[in-house]
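Peer 1: Pasting a structure here, questions to come.
In the numbering used here, the protein residues as written are 296 to 644.
What follows is the structure, given as structure tokens:
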């Protein structure tokens, strides 16, 4: 019952007009006679008398006030020693029993979102200038650098990566692509060490958490062309399969929407009409419209007829054909014939 005692002794955290006894009284009323009677057994006689007085004189209270008290109670339960014997689960059970799933979920969800936001690792680096971060962490272990990049926005990580030496870019990218989820306590320990080293010189900017092959692909989509080529070529030597996985995620079929009209028309000259029809069966409407707009009316009508006449198709076949077209785009990349925009910069692929 330590959580109730903490609430009983607390000042008006959830509402300036509410002292501890009144907050506990609100919760006991919400829980109903059966549960409340079990809880009251854990208070001494004086406390029970005080709570009984509060309950007997309690008037109607606004829902918002009750919600704030419930949030404070839940926070106390999660942070107390009671957590070792299931404090969080117990708090959730009380809220659900008292108010039902819908209302309890609203309270619990609000708290969880706030806690996740507050506990996201590497806040200092997410709020810093990426070029400055690169300068500060360049002498750290590559695994540490890859962990930091995994928690930055892709565009932030791209700037950091671009500012590292060529050899370090390769090492960090490899580790980033093969990274498995690290335990939160380990991450927090690393963060604390780096925070103590760099907090006095870092400025701030917020971001999100990513990781693995997808994370590296998103970062490489935003780095300059020479950095991308250097990393991919070395990844191919180190681990061809890993490099291929990264390349597949760097440009997907639906990214055709960001090609300019001239690029689409150049691509269409390379494609078989049956392959195009099959690939478009699994594409979104924006991509389909982009293709149709860059064809003659007759060719567009014929393509749409081909798509309709196919009937149901296997997803596997669609994805294989889309990848085939992506590979053609990558071949055109080497010829420098298509311009595609990434992160506000034009990169020739």
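Ideal placement from N, C-alpha and C gives every residue a C-beta, glycine not left out. Everything numeric in this text was worked out from a predicted model, so none of it was measured.
1) How many Å lie between residue 350 and residue 428 at the Cα?
2) With DSSP run on the structure shown, which of helix, strand or coil describes residue 463?
3) Considering only residues of the same chain and omitting the five flanking positions on each side of residue 378, which have a CB-CB separation below 6 Å?
4) Under three-state DSSP, which class holds residue 475?
5) In three-state DSSP terms, what is residue 453?
6) Can you check whether the CB of residue 513 is closer than 7 Å to the CB of residue 607?
7) Tell me the rounded alpha-carbon separation between residue 612 and residue 451.
8) Taking a contact to mean a Cβ-Cβ separation below 7 Å, would you say residue 548 touches residue 617 in this structure?
9) Report the three-state DSSP secondary structure of residue 447 (helix, strand or coil).
10) Is the distance from the Cβ of residue 526 to the Cβ of residue 464 below 7 Å?
11) Could you compute how far the alpha carbon of residue 647 sits from the alpha carbon of residue 575?
12) Is it right to say residue 594 is buried, meaning 16 or more other beta carbons lie within 10 angstroms of its own, or is it exposed?
13) Would you kindly work out how many angstroms separate the C-alpha atoms of residue 601 and residue 561, rounded to a whole number?
14) Just the C-alpha distance for residue 522 and residue 572, rounded to the nearest angstrom, thanks.
15) Got a sec: does the ligand GDP put a non-hydrogen atom nearer than 6 Å to the Cβ of residue 552?
16) Would you kindly work out how many angstroms separate the C-alpha atoms of residue 486 and residue 416, rounded to a whole number?
17) If I follow the unbroken alpha helix (DSSP H) through residue 426, where does it start and stop?
18) Between which two residues does the alpha helix (DSSP H) harbouring residue 576 extend?
19) At which residues does the alpha helix (DSSP H) containing residue 518 begin and terminate?
20) Are the beta-carbon atoms of residue 627 and residue 633 separated by less than 7 Å?
21) So residue 588 is in the alpha helix (DSSP H); what residue range does that whole segment cover?
22) Under DSSP, the alpha helix (DSSP H) around residue 420 begins and ends at which residues?
23) Cα-Cα, which of 323, 624 and 327 is closest to residue 346?
24) Tell me, please, whether the stretch 576 to 587 touches the stretch 537 to 556 by the rule of three or more beta-carbon pairs shorter than 8 Å.
25) To the nearest angstrom, how far is it from the Cα of residue 468 to the Cα of residue 334?
Peer 2: Inspection of the coordinates gives the following:
1) Whole-angstrom Cα-Cα distance: 56 Å.
2) Of the three classes helix, strand and coil, the one that applies to residue 463 here is helix, per DSSP.
3) For residue 378, the predicted structure reports a pLDDT of 41, less than 50, and the residue's modelled location is therefore unreliable. A value from the coordinates is still provided. Nothing meets the Cβ criterion.
4) Assignment of residue 475 by DSSP, reduced to helix, strand and coil, places it in the coil class.
5) Helix at residue 453.
6) Not a contact, by the Cβ cut-off of 7 Å.
7) Between the alpha carbons of residue 612 and residue 451 lies a gap of roughly 36 Å.
8) In this structure, residue 617 lies closer than 7 Å to residue 548 by Cβ.
9) In the structure shown, residue 447 falls within a coil segment according to DSSP collapsed to helix, strand and coil.
10) Yes, Cβ-Cβ distance for residue 526 and residue 464 is below 7 Å.
11) A query on residue 647 cannot be resolved here, the shown segment of the chain reaching from 296 to 644 and no further.
12) The residue in question, residue 594, is exposed, as its Cβ has fewer than 16 Cβ neighbours within 10 Å.
13) Whole-angstrom Cα-Cα distance: 21 Å.
14) Roughly 35 Å separates the two Cα atoms.
15) Only the bare structure without any ligand can be found here, which leaves the ligand GDP out of the picture.
16) Spanning the two alpha carbons is a distance of roughly 7 Å.
17) Counting along the chain, the alpha helix (DSSP H) containing residue 426 begins and ends at 425 to 432.
18) 568 to 576 is the span of the alpha helix (DSSP H), which, as asked, contains residue 576.
19) No alpha helix (DSSP H) contains residue 518, which DSSP labels as neither H nor E.
20) Their beta carbons are under 7 Å apart, which means residue 627 touches residue 633 by this criterion.
21) Per DSSP, residue 588 belongs to the alpha helix (DSSP H) from 580 to 588.
22) 418 to 421 is the span of the alpha helix (DSSP H), which, as asked, contains residue 420.
23) Taking residue 346 as reference, the option from 323, 624 and 327 with the minimal CA-CA separation is 323.
24) They touch, by the three-pair rule.
25) Distance between the alpha carbons of residue 468 and residue 334: 55 Å.
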